[in-house]
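S.K.: Following this message is one structure expressed as structure tokens.
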Amino acid sequence: MKEANLTPHIACSPGDFAKTVLMPGDPLRAKLIAETYLENAELVNNVRGIHGYTGMYEGKRVSVMASGMGMPSIGIYSYELFNFFGVDSIIRIGSAGAIHPDLKLFDLVIGQGACYDSDYPRQFGMRGTYAPIADFGLLRKAVDECETRGLRYRVGNLLSSDLFYGEGGVEVTLAWRKLGVLAVEMESAALYANAARAGKKALCICTISDRLEGGEVTTAEQRQNAFHDMMRVALSIAE
330 MKEANLTPHI
340 ACSPGDFAKT
350 VLMPGDPLRA
360 KLIAETYLEN
370 AELVNNVRGI
380 HGYTGMYEGK
390 RVSVMASGMG
400 MPSIGIYSYE
410 LFNFFGVDSI
420 IRIGSAGAIH
430 PDLKLFDLVI
440 GQGACYDSDY
450 PRQFGMRGTY
460 APIADFGLLR
470 KAVDECETRG
480 LRYRVGNLLS
490 SDLFYGEGGV
500 EVTLAWRKLG
510 VLAVEMESAA
520 LYANAARAGK
530 KALCICTISD
540 RLEGGEVTTA
550 EQRQNAFHDM
560 MRVALSIAE
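The sequence shown maps to residues 330 to 568 in this note's numbering.
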């Protein structure tokens, strides 16, 4: 029997995770992906209700595990996966709010880079401001997959924010459009920084679930159905 590798947040045996892990924020979405797309999916982690599964997708071994919400949460899980469980690539798949006026509900945004309003990167002790970016190989594969599938998508900068209910209101977030930032979410900068530090790969693919200007939002049912485009792209590019 393989010896269990226990961290405070993940409890499974070495090798239970595939080399690529898809990370939605929601544990129930991880469960949905495993049950919908993975053959012979096995629950390999359930500490604190954070479902992690490994199975097969079109002949390749893939894992999916929730990240929780925010940079501290994905910072913990991605660090442990990269450094303790032999994971080489993490693809975040989640929702984002549109900042750029041309983005519509359900469009995909592929995060080439991630701006941030967080202190998370300060831990690395750099004398300057770090610019977190995606792995280009994964990004290029995601773009090609979107083209093949005929999906609406944009590539560019995301804003990773620590704030969901900020005192400054939506105008503070919309100000980032002056520099071409496409959408706001809460995890990518920490994921990209952890991947860089570990010498691993990361990519964020988001689906627009709401538009900050105008107040358009998707329903829970719409999100459940439309987010499958993002899931299929991520599964297809898993290495």
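Quick reminder that beta carbons are idealized off the backbone N, C-alpha and C, glycines included.
1. Taking the alpha helix (DSSP H) that Met-560 falls in, what are its first and last residues?
2. Which value, in whole angstroms, describes the spacing of the CA atoms of Glu-568 and Asn-375?
3. For Thr-547, count neighbouring C-beta atoms within 10 Å of its own C-beta (all shown protein chains included) and say buried if the count is 16 or more, exposed if not.
4. Is Ser-342 helix, strand or coil by DSSP?
5. Count the other C-beta atoms from every protein chain shown that fall within 10 angstroms of the C-beta of Lys-530, then say buried if there are 16 or more, exposed otherwise.
6. If I'm right that Ala-359 touches Val-393 with Cβ under 8 Å, what's the distance once you round it to whole angstroms?
7. Do Ile-537 and Phe-435 have their beta-carbon atoms positioned less than 8 Å apart in this structure?
8. Counting only runs of 4+ residues fully inside the segment 479-566, write out the alpha helix (DSSP H) ranges in chain order.
9. Taking Gly-404 as part of the alpha helix (DSSP H), name the residues at either end of that continuous run.
10. Under 8 Å between the Cβ atoms of Ile-403 and Ala-519?
11. Since I believe Ile-422 is in contact with Ala-549 (beta carbons under 8 Å), could you give me their beta-carbon distance rounded to a whole number of angstroms?
12. Mind checking which residues open and close the alpha helix (DSSP H) that includes Glu-364?
13. Can you tell me the Cα-Cα spacing of Val-484 and Phe-453, whole angstroms?
14. Would you kindly work out how many angstroms separate the C-alpha atoms of Thr-458 and Asn-369, rounded to a whole number?
15. So, at 8 Å on beta carbons, what are the nonlocal neighbours of Gln-441 in its own chain, with the 5 sequence-adjacent residues on each side left out?
16. Just to check my reading of the structure: Trp-505 and Leu-492 have Cβ atoms closer than 8 Å, yes? What is that Cβ distance to the nearest angstrom?
17. Give me the residue from Pro-401, Pro-430, Thr-477, Ser-490 with the minimum Cα distance to Leu-511.
18. In the DSSP assignment, find the beta strand (DSSP E) that holds Gln-452 and state where it starts and stops.
19. Who are the near neighbours of Cys-475 in its chain, counting only those whose CB is closer than 7 Å to its CB and skipping five residues on each side?
20. Tell me which residues share the same chain as Ala-527 and place their Cβ nearer than 8 Å to its Cβ, disregarding the 5 neighbours each side in the sequence.
21. How far does the beta strand (DSSP E) with Thr-458 in it extend, from its first residue to its last?
22. To which residues of the same chain is Glu-542 closer than 7 Å at the C-beta, ignoring the five residues directly before and after it?
23. Among the residues of its own chain, which have a CB less than 6 Å from the CB of Arg-540, if the five just before and after it don't count?
24. Under the three-state reduction of DSSP, which class applies to Ala-395: helix, strand or coil?
25. Check whether the Cβ atoms of Leu-480 and Asp-558 sit closer than 8 Å, and answer yes or no.
M.R.: Checking against the coordinates, here is how it stands:
1. 557-566
2. About 24 Å.
3. Its Cβ being crowded by 16 or more others within 10 Å, Thr-547 is buried.
4. Ser-342: coil per DSSP, three-state reduction.
5. buried
6. 5 Å
7. yes
8. 499-503, 517-527, 549-555, 557-566
9. 400-413
10. In terms of Cβ geometry, Ile-403 and Ala-519 form a close pair [threshold 8 Å].
11. With 8 Å as the limit, Ala-549 and Ile-422 do not qualify as a contact, their Cβ atoms being about 17 Å apart.
12. 356-366
13. Cα to Cα, the separation comes out at about 27 Å.
14. Cα-Cα distance, rounded: 44 Å.
15. Answer for Gln-441: Ile-462, Ala-463, Leu-468, Val-484, Gly-485, Asn-486, listed in chain order.
16. At roughly 13 Å, the Cβ-Cβ gap does not stay under 8 Å, so Trp-505 and Leu-492 are not in contact.
17. Pro-430
18. Unbroken run through Gln-452: none, as it is neither H nor E.
19. If we look at Cys-475 and ignore the five residues flanking it on each side, its Cβ neighbours are Leu-437, Tyr-482, Val-562.
20. Tyr-408, Phe-411, Asn-412
21. Note, Thr-458: premise wrong, no beta strand (DSSP E); not H, not E.
22. Pro-430, Leu-503
23. Ala-427
24. In the three-state reduction of the DSSP assignment, Ala-395 falls in the coil class, being assigned neither a helical nor a strand state.
25. yes
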